[in-house]
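Novice: When the letters of the sequence shown are read in order and numbered with this note's numbering, they come out as residues 118 to 707.
Quick one: the structure is below, questions incoming.
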Amino acid sequence: MANVLEIIKNEITQDYYKNNFPNDGQRFVAWYMRNIHLLDQRQAKAAITDGANDKQIDAVYIDEDEQKIYIVQGKYYLGESVDATPVREVISAWSQFSNLAQLQENANSKLKTKISEIATALEDDSYCVCFELITTSIFTDAAMDDIHSFQTKLSEEDDAELNYSTQFSVVDKQGLEDAYSCVIEQTNPTLNHTIKLEAGKYMTTELGATSVIVAAMPLKECIKLPGIKDGSLFQKNVRQSLGINNTVNKKIKKTINDPNKCGDFFFFHNGITAICNKIEECGNGEFKLYGLNVVNGCQSLNTILSCSENVRKRDDAYVLFRFYEIPQRDRADSISINTNTQSAVKARDLRSNSKQILKLKKAYEAKYSNGFFATKRGEIIPADKDKQYCIELSYLGKNLTAWYMQRPNLSYGETKIFDKYFNTLFKNDYLPEDAYALSFWMRKIMDAWTQENPLGLEEELLTMKAYAPYHLLFAISMVFAKCNNQTNVPSPSECLKVASENNLVDSIINIAANCLNSAISAEKNNCEQNNRSFIPQNWVKNKSCNAGIMSAIQNYFSFLPTMNKEMDSKLKNGVKIDSKYFSYRVQAED
Numbered sequence: 118m119a120n121v122l123e124i125i126k127n128e129i130t131q132d133y134y135k136n137n138f139p140n141d142g143q144r145f146v147a148w149y150m151r152n153i154h155l156l157d158q159r160q161a162k163a164a165i166t167d168g169a170n171d172k173q174i175d176a177v178y179i180d181e182d183e184q185k186i187y188i189v190q191g192k193y194y195l196g197e198s199v200d201a202t203p204v205r206e207v208i209s210a211w212s213q214f215s216n217l218a219q220l221q222e223n224a225n226s227k228l229k230t231k232i233s234e235i236a237t238a239l240e241d242d243s244y245c246v247c248f249e250l251i252t253t254s255i256f257t258d259a260a261m262d263d264i265h266s267f268q269t270k271l272s273e274e275d276d277a278e279l280n281y282s283t284q285f286s287v288v289d290k291q292g293l294e295d296a297y298s299c300v301i302e303q304t305n306p307t308l309n310h311t312i313k314l315e316a317g318k319y320m321t322t323e324l325g326a327t328s329v330i331v332a333a334m335p336l337k338e339c340i341k342l343p344g345i346k347d348g349s350l351f352q353k354n355v356r357q358s359l360g361i362n363n364t365v366n367k368k369i370k371k372t373i374n375d376p377n378k379c380g381d382f383f384f385f386h387n388g389i390t391a392i393c394n395k396i397e398e399c400g401n402g403e404f405k406l407y408g409l410n411v412v413n414g415c416q417s418l419n420t421i422l423s424c425s426e427n428v429r430k431r432d433d434a435y436v437l438f439r440f441y442e443i444p445q446r447d448r449a450d451s452i453s454i455n456t457n458t459q460s461a462v463k464a465r466d467l468r469s470n471s472k473q474i475l476k477l478k479k480a481y482e483a484k485y486s487n488g489f490f491a492t493k494r495g496e497i498i499p500a501d502k503d504k505q506y507c508i509e510l511s512y513l514g515k516n517l518t519a520w521y522m523q524r525p526n527l528s529y530g531e532t533k534i535f536d537k538y539f540n541t542l543f544k545n546d547y548l549p550e551d552a553y554a555l556s557f558w559m560r561k562i563m564d565a566w567t568q569e570n571p572l573g574l575e576e577e578l579l580t581m582k583a584y585a586p587y588h589l590l591f592a593i594s595m596v597f598a599k600c601n602n603q604t605n606v607p608s609p610s611e612c613l614k615v616a617s618e619n620n621l622v623d624s625i626i627n628i629a630a631n632c633l634n635s636a637i638s639a640e641k642n643n644c645e646q647n648n649r650s651f652i653p654q655n656w657v658k659n660k661s662c663n664a665g666i667m668s669a670i671q672n673y674f675s676f677l678p679t680m681n682k683e684m685d686s687k688l689k690n691g692v693k694i695d696s697k698y699f700s701y702r703v704q705a706e707d
């Protein structure tokens, strides 16, 4: 791969970056958001807050699936090194988070909007605030001292004083190269790594036809493991990092940062478990590990990496490490679940094994033999399956929430769906045909959610790709209900059947998009008339947006006979559905 700095320099000269961002600093941050966080063009542009009164915050991005709030500060330097100034800017941004109202009052208009989104997200205490300092250079010794001091400061913060977890990541030139290399690899990259173990501090054996290494590994060797920062080391783990400020991880930090206690780290910690496809002994304590994956220890390794500067100074700090040669996927999943005890596995991590899901998976794959129902995170779709008929549990849950629960405002994240509402949402027996139909409708929606914008969606909607598609799915269901004078929920598969038979699929999606546009425009106008700020992301998360969409649909069909008699006639005759295909809404108090 070419030098990452050369790649960045070349790509930020493209029209997208030149036309949307006034300087190379912003273009670099936008490049990072697009190429590392994988945002599309509109999302990346919406994330940038850099400018006058940016309060040392260049970009804000909320990842709803991972429940992380990224606060990014970027420094585009062509020199070899960067001093401590940007580190202090991140510390300044962090210190202002104790009073979001004051931060918002003095911020620029884009940051004001982002702070409102942040405040809404933080009402759910499962979010982690991740400060990222990114640069195209390397840090000086003075900068590294400040990074060390900030990490120590975070380790000393009292849990009671924070209602959210905090992470601080530093990405220098080498970090950018590592992250970019990982992103451009194929899905689920295979990690190979060579470890060097100290004589007398490890043993090898074979148990149950499985090769095993048990070792006391120096903490400074742990931070050399690939894939900690981007999470690729933990593909088979039942969860990713929970943030470095939960109770267990704060204790880990305090032990590492205390020179008098660090020597006892081995005795305080339960150990880390890793699996690999193959273990090759090279001699003199050196082992080559192929397909390395940590199934228990994600939290610990992320915390150890967050204290990297102190870790490098600890020659007497070790952690128990277990390496198992296990290529079988199902056995690896079982080990992952059973070894994760330090921080309890939440219910949503184990829903793939619930009776409701196993029953639906069996029925779906029996109905669609060329399809596949992926129920586990990171599960690879078999190459011989038709992707059109492949569905995934997380997206199915979100689609069901928008359609059957009629709460698209809850569809954006997994937590409530698979914790609070799981038993309510999945108490019904959903037909395989309905699961496929929901996937079909959403696929059509996402195919149109492009830069070309064939549906003519409002700009605010296009930037909310993590939220608004579920509102469009909801609007489609309500169009069918309105056409049939029903207040109940229509069957997704029956809707697809009649729409396909009468060549009305695209027309109905366009009508739903028109109504969604009208709903968000009406709310925007209402805010302007009442001298209130309009925050699109907060609107789509509020239940009131559902009423706005239904009102827009009602208005559309009130005027349709006058505006377009031909379409009115087509809909009246072409989407007739028997009342038996309508059911009561799945109830959820939100």
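From the three backbone atoms N, C-alpha and C, an ideal C-beta is built for every residue, glycine too.
Since we're looking at a predicted model, the values are computed, not measured.
Enumerate in chain order the residues of its own chain whose CB-to-CB distance from Asn137 is below 6 Å, with the five nearest sequence positions on each side excluded.
Specialist: If we look at Asn137 and ignore the five residues flanking it on each side, its Cβ neighbours are Lys162.
Novice: What residues match up with Cys507 in a beta bridge as DSSP calls it?
Specialist: DSSP, once it has assigned bridges, lists Phe489 as partnering Cys507.
Novice: Please specify which runs of the alpha helix (DSSP H), each continuous and at least 4 residues long, are wholly inside the stretch 635-664, giving them in chain order.
Specialist: Fully enclosed alpha helix (DSSP H) runs of 4 or longer: 653-657.
Novice: Report the CB separation of Ser198 from Ile255 in whole angstroms; it is logged as a contact under 8 Å.
Specialist: Rounded, the Cβ-Cβ distance is 5 Å, consistent with contact.
Novice: Return the CA-CA distance between Gln416 and Ala333, expressed in angstroms with no decimal places.
Specialist: Using only the alpha carbons, I get a separation of about 18 Å.
Novice: Looking at C-alpha atoms only, which residue of Glu683, Gly168, Phe490 is the closest neighbour of Tyr553?
Specialist: Nearest C-alpha to Tyr553: Phe490.
Novice: Rounded to a whole number of angstroms, what is the C-alpha to C-alpha distance between Val246 and Leu217?
Specialist: Answer to the nearest angstrom: the Cα atoms are 13 Å apart.
Novice: For Ala333, which of helix, strand or coil comes out of DSSP?
Specialist: The answer is strand: DSSP assigns Ala333 an E or B state.
Novice: Less than 8 Å between the CB atoms is what I'm expecting for Val287 and Ile264, so what's the real figure, rounded?
Specialist: Yes, they are in contact, since the Cβ atoms of Val287 and Ile264 sit about 6 Å apart, within 8 Å.
Novice: Out of Glu206, Asp242, Ser233, which one is the CA nearest neighbour of Glu95?
Specialist: Since the first residue of the chain shown is 118 and the last is 707, residue 95 is not available in this structure.
Novice: Straight-line CA distance for Pro549 to Phe351?
Specialist: The straight-line gap from Cα to Cα measures roughly 31 Å.
Novice: With a 10 Å radius around its C-beta and 16 neighbouring C-beta atoms as the bar for buried, classify Asp551 as buried or exposed.
Specialist: With 16 or more other Cβ atoms within 10 Å, it is buried.
Novice: Going by the beta-carbon positions, is the gap between Ile637 and Val596 smaller than 8 Å?
Specialist: No.
Novice: Going by beta carbon distance, what residues of the same chain come within less than 6 Å of Gln221, once the five residues before and after it are set aside?
Specialist: So the qualifying residues of the chain are Lys229, Ile232.
Novice: Which value, in whole angstroms, describes the spacing of the CA atoms of Lys227 and Ile165?
Specialist: Answer to the nearest angstrom: the Cα atoms are 8 Å apart.
Novice: Thinking just about the alpha-carbon of each residue, which of Ile345, Val615, Glu128 is nearest to the one in Val412?
Specialist: Among Ile345, Val615, Glu128, the Cα nearest to that of Val412 is on Ile345.
Novice: For the alpha helix (DSSP H) that Thr166 lies in, which residues bound it at each end?
Specialist: Per DSSP, Thr166 belongs to no alpha helix (DSSP H) and is neither H nor E.
Novice: Could you check what DSSP says for Pro571 in three-state terms: helix, strand or coil?
Specialist: Coil.
Novice: Counting pairs of beta carbons, one from the stretch 663-683 and one from the stretch 566-582, are three or more of them closer than 8 Å?
Specialist: No, the stretch 663-683 is not in contact with the stretch 566-582.
Novice: DSSP three-state call for Thr230: helix, strand or coil?
Specialist: Helix, per DSSP.
Novice: Is DSSP giving Ile179 helix, strand or coil here?
Specialist: Ile179 falls in the strand class under three-state DSSP.
Novice: DSSP on Val703, reduced to helix/strand/coil?
Specialist: Of the three classes helix, strand and coil, the one that applies to Val703 here is coil, per DSSP.
Novice: Which term fits Asn127, buried or exposed, when burial requires 16 or more other beta carbons within 10 angstroms of its beta carbon?
Specialist: Exposed.
Novice: Go to His588, then tell me how far its beta strand (DSSP E) extends in each direction, as first and last residue.
Specialist: Where His588 is concerned, there is no enclosing beta strand (DSSP E), although the alpha helix (DSSP H) it sits in stretches over 585-600.
Novice: Shortest alpha-carbon distance to His386 belongs to which of Asn394, Lys368, Glu397, Ile392?
Specialist: When only C-alpha atoms are compared, the closest one is Lys368.
Novice: Helix, strand or coil for Pro525, going by three-state DSSP, please let me know.
Specialist: Correct three-state label for Pro525: helix.
Novice: Please report the Cβ distance between Ile153 and Gly191, rounded to the nearest whole angstrom; I am assuming they are in contact, meaning their Cβ atoms lie under 8 Å.
Specialist: The pair is not a contact, with the Cβ atoms about 11 Å apart (cut-off 8 Å).
Novice: For a test of your reading of the model: does the CB of Ala483 fall under 7 Å from any non-hydrogen atom of the ligand GTP? Yes or no.
Specialist: The ligand GTP is not part of this structure, which contains no ligands at all.
Novice: With DSSP as the reference, please indicate the residues paired to His154 in a beta bridge.
Specialist: Answer by DSSP bridge pairing: none, since His154 is not bridged.
Novice: Does the beta-carbon distance from Ala629 to Val622 come in below 8 Å?
Specialist: Cβ atoms of Ala629 and Val622: not closer than 8 Å.
Novice: Applying the criterion that 16 or more other CB atoms from any shown protein chain within 10 Å of the CB defines a buried residue, is Met563 buried or exposed?
Specialist: Exposed, by the Cβ-count rule.
Novice: Which residue from Phe699, Asp132, Asn620 puts its Cα closest to that of Gly691?
Specialist: Looking at the Cα atoms, Asn620 is the closest of the given residues.
Novice: Mind the definition here: the stretch 556-572 touches the stretch 532-547 only if three or more C-beta pairs lie below 8 Å; say whether that holds.
Specialist: Not touching, per the Cβ criterion.
Novice: Starting from Cys245 and walking both ways along the beta strand (DSSP E), at which residues does that stretch end?
Specialist: Start and end: 245-252.
Novice: What separation, rounded to the nearest whole angstrom, lies between the Cα atoms of Thr372 and Pro609?
Specialist: C-alpha separation (whole angstroms): 54 Å.
Novice: Helix or strand or just coil, what does DSSP make of Gln131?
Specialist: Coil at Gln131, not helix or strand.
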